[in-house]
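One structure is given here, and the rest of the page talks about it.
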Amino acid sequence: MENSCINNSEQSSNNSPNSEEQEQQPSSVNDGQRVYLVPFRWWKDAQDSSSSSSLDDKRGVLYTASPVPSYGGPMKIINNLFSSDLSFNLRKENDSLLPNCENGEVGVSGRDYALVSGEMWLQALKWHSVSKVAMKDGRSVSAAEDDMSDVYPLQLRLSVLQDSSSLGVKIMKKENSVECYKRALKVFSVDNETLRIWDFSGQTALYCLNDQNKTMKDSERQSEQDLLLELQVYGLSDPVRNRGSQHPNGTSLAINGSAGNTSSSFFRSNSSASLGNSGEAGTLGLTGLQNLGNTCFMNSALQCLAHTPKMVDYFLGDYKREINPDNPLGMNGEIASAFGDLLKKLWAPGATPVAPRTFKSKLAHFAPQFSGFNQHDSQELLAFLLDGLHEDLNRVKCKPYVEVKDDDNRPDKEVADEYWRNHLARNDSIIVDVCQGQYRSTLVCPVCSKVSITFDPFMYLSLPLPSTSMRTMTLTVVTTNGSAQLSPYTIHVPKNGKLDDLITALSTACCLRVDETLLIAEIYNNHIIRFLEEPANTLSLIRDEDRLVAYRVPKDVKGVPLVVFTHQQMEEHYYSGTRNEVWRAFGIPLITYSKFTNGSDIHNLYLKLMSPFLMTEDNSFDKSDNLTGSETEEKKEPEDAATCTSSGYEANANAEEGEAHSTSQFVFYMADEKGGAKGSQIVMDETVSSMSQPGKLNVFVHWPEKMVVQSNTRLLCSLPEVFKMGFSMKRPQESVSLYKCLEAFLKEEPLGPEDMWYCPVCKKHCQASKKLDLWRLPEVLVIHLKRFSYNRFWKNKLETYVDFPIHDLDLSTYIAHKEGQTSHCYMLYAISNHYGSMGGGHYTAYVHHGGGQWFDFDDSHVSPITEEKIKSPSAYVLFYRRVEEA
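Just so you know, the sequence shown maps onto residues -11 to 874 in the numbering used here.
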């Protein structure tokens, strides 16, 4: 679908002596100078129903057409030169006001047309496209719907006649394609009935106005040179042909005529391109953006803004008159121009996916952080772009100095209105009109209780995701006195909690005694690689694949050394036919706090810790079947470790004990402070004089092969991961309401140490408490969900599922000031999504396109998506528009 254009550059140069050169070199046509010829009824439908200021003008210049007379004059010369061309006169009527259209008197004959500017045509086309989608329930559509089929370019010649109120028009066969010329004959045939054209563009009136004071000689010279009018005619071709080319969804297709002018390619035909699997690529507003190399973050944000209702109307109109190139805080109007040009391409009918290279270049020039082709954050781009558009379009040319006054216990409404007036005195743009709101910030000094209230504007809300989401963790609890076997416990802790939260939950789960505490250790390759001893450490440092052990230790162990036992067994390896024996660690290391003197003390400590595990399979079976009551009581009392042999619980030696003792004794070795290298052997009767590090002794325990075979060590070797997802197991989805996120944003909390507030009463900085309240809501509410967190050591993304309303976001209970605002209800119309992790991901956009239909904008690919699927844990930035309450 296309339009018609007048080339003002050629108009201004029409008195040039070299008119032939002017005709041969088509000049570039500015988008705002294009003129479009459309059915008047089609134009009037949009004019009556649209709220756009560009369509509200009820005045137009009326021209009636008549055949060229056979007598002499300027038109006779034209006819003599091109007898085969179509020629007619357009005479301006005296009454330049639109007739009263309430009774349907205009356009009844079907021969009334409107001549409109490019911006006016595009907005009318947008209104018709949206209205057709909304009227699929069977109600009638626009009066001229059947006429809206295609667009073709024409080159016309205008000659101003002597009375300066008439235009001589000729359509030249040689300068138009055969197809376009044939259609023009049907449109502009003036032999059968009266043809009327209402000029809303002001271009034809401009021609007459410029020539009102010319002399007869000047007018004759002007008529010989002619004025070139490049016209795009919309929806006026053969009705039979129209019905054949009409797309089922009512969207018109563009016919790219070969008129030889630059303007004819402004909207390209693309009837073969597909929109996903459901429609035409040229469907109005459903145009993708090419990925230039990791620019999906930019494409996602741009598509959301490109479907923000009032911003679309604004940038498809005459926005350039409001560009403020002298604003030192702006970007010389270049960002606004680049964004506006891109928006027009996205809303052009028949457009193929757009490559936003010009916009990307301007962005990189003014925001070097977005230069190159690395992945960035769509919300950061959105924040920069909204601020840049505001400054480029700021209607305030000279910002006044505004002094902030103290509230002096005045009513909040009075103070808030004063803050808002001061803000508008320095900031006035379409971004302020549509996107900016106001919130109240209350600070309270913790020392003197001084209260400070300010009212600040906001462009968007960055909401935290409450840390109520829980994490499932499994740890193994081990005693340090040999009283029980190890036991795994599964607990639930806050995902962003601290180590102290884990210890508290695990202490409850394992029924920890009041005189005990837990010492958490991470196990890797059957060694303790670190102890987790700082309660304030975040649990995000613990990965799901880690293996953790919690040792039950006495609370009061001051001055008592820690002894760590690591089990080892012999493994055989063959390299090039050579047999090698290597000692490898196995099982869970055991620890205890105890004083010791010699090797016998170390030996007895180990046997005591191993007493729950050192049972042969035969003994285990016998005891489970034949254990008597007296034996049960006996077992409850721990045996003296000194009487235990390496084979188990036998209290009395038998005839074969000496041989068993000699062949199955454990062997102990000192280890270095990291428990990695073996040192000297610990001998039974020799004093242990040195420790691997102050207050700690690391010991390797070599198991003889006979003991490994006879003992049941499966439990000792069983150490689950913190979280193991089974084959058919799905991680429970964490869910939080958008309202909960808003409540977390508005709740009172102390300022951080880096955000200290200077109290005017105490005369010093203090950690005041801060409370935010929504005071004034914007027409378009942008909500950023804070899924990403950063610090010096790691980056993290929250995959929390946020349950956000689609049709009925009601903020009436969250706004502190309700007077003067008609509605606090919002409807979702766009989402910027982020898929993947911090290291790499992908951005897309979901956009509501009217009639309950949503579309997925994935770079250049655009496809429909059901409303049920737009909610996901990938939702990152939400775009809401205000709706009137029912």
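Every residue, glycine too, gets a C-beta built ideally from N, C-alpha and C.
Note that this is a predicted model, so its numbers are computed, not measured.
- Where F28 is concerned, the enclosing alpha helix (DSSP H) starts and stops at 28 to 37.
- Per DSSP, reduced to three states, the secondary structure at P793 is coil, with no helix or strand assignment.
- In the three-state scheme derived from DSSP, where H, G and I count as helix and E and B as strand, W109 is classed as helix.
- For the beta strand (DSSP E) assignment, the uninterrupted runs of no fewer than 3 residues enclosed by the region 750 to 790 are, from N- to C-terminal side, 752 to 754, 757 to 764, 768 to 774, 776 to 778, 783 to 785.
- The Cβ atoms of H753 and S450 do not sit closer than 7 Å to each other.
- One alpha carbon belongs to L173, the other to K162, and they sit about 14 Å apart.
- Nearest to I517 by alpha-carbon distance, out of I508, A524, R99, I858, is I508.
- Cβ atoms of A863 and I819 come within 8 Å of each other, at about 5 Å.
- For I579, the uninterrupted beta strand (DSSP E) segment begins and ends at 578 to 581.
- Cα atoms of Q111 and W30: separation of roughly 12 Å, rounded to the nearest angstrom.
- Between the alpha carbons of N410 and Y389 lies a distance of about 9 Å.
- DSSP lists K758 as the bridge partner or partners of E737.
- The Cβ-Cβ distance between I803 and L769 does not fall below 7 Å.
- The region 724 to 731 makes no contact with the region 392 to 403, as fewer than three CB pairs between them are under 8 Å.
- Around the beta carbon of F361, fewer than 16 other beta carbons lie within 10 angstroms, which makes this residue exposed.
- With 16 or more other Cβ atoms from the protein chains shown falling within 10 Å of its own Cβ, P337 counts as buried.
- CA-to-CA, the gap between S677 and T464 works out to about 33 Å.
- Cβ-Cβ separation between K333 and L304: approximately 11 Å, too far for a contact (criterion under 8 Å).
- G575 and N514 do touch by the CB rule: their CB atoms are close to 6 Å apart, below 8 Å.
- When the Cα atoms are used, Y563 and S668 turn out to be separated by approximately 28 Å.
- If the five residues before and after S154 are omitted, its C-beta is found closer than 6 Å to the C-beta atoms of N77, R79, all from its own chain and listed in chain order.
- In the DSSP assignment, Y563 falls within the unbroken beta strand (DSSP E) covering 550 to 563.
- Per the coordinates, the alpha-carbon of K298 lies some 10 Å from the alpha-carbon of I419.
- The residues P313, in chain order, have a CB closer than 6 Å to that of N320 in the same chain once the five nearest residues on each side in sequence are set aside.
- Beta-bridge pairing by DSSP links G156 to N77, S147.
- Taking C-beta separations shorter than 8 Å and ignoring five residues to either side along the sequence, the partners of L703 in its chain run Q473, L474, F601, following chain order.
- Under the DSSP assignment, N821 falls in the beta strand (DSSP E) whose first and last residues are 813 to 824.
- If you keep only unbroken beta strand (DSSP E) runs of at least 3 residues inside the region 839 to 871, you get 842 to 846, 849 to 853, 863 to 871.
- L277 and D844 do not touch by the CB rule: their CB atoms are close to 13 Å apart, not below 8 Å.
- In the DSSP assignment, M461 falls outside any alpha helix (DSSP H) and within the unbroken beta strand (DSSP E) covering 458 to 467.
- Counting C-beta pairs with one atom in each stretch, the region 525 to 533 and the region 482 to 499 have three or more that are closer than 8 Å, which means they touch.
- Looking at the backbone, the Cα of W186 and that of R870 are separated by about 36 Å.
- Going by DSSP, L334 is part of no beta strand (DSSP E) but of the alpha helix (DSSP H) stretching over 322 to 334.
- Assignment of K387 by DSSP, reduced to helix, strand and coil, places it in the coil class.
- In this chain, the beta strand (DSSP E) harbouring Q426 covers 425 to 432.
- According to the DSSP assignment, A352 belongs to the alpha helix (DSSP H) that extends over 345 to 354.
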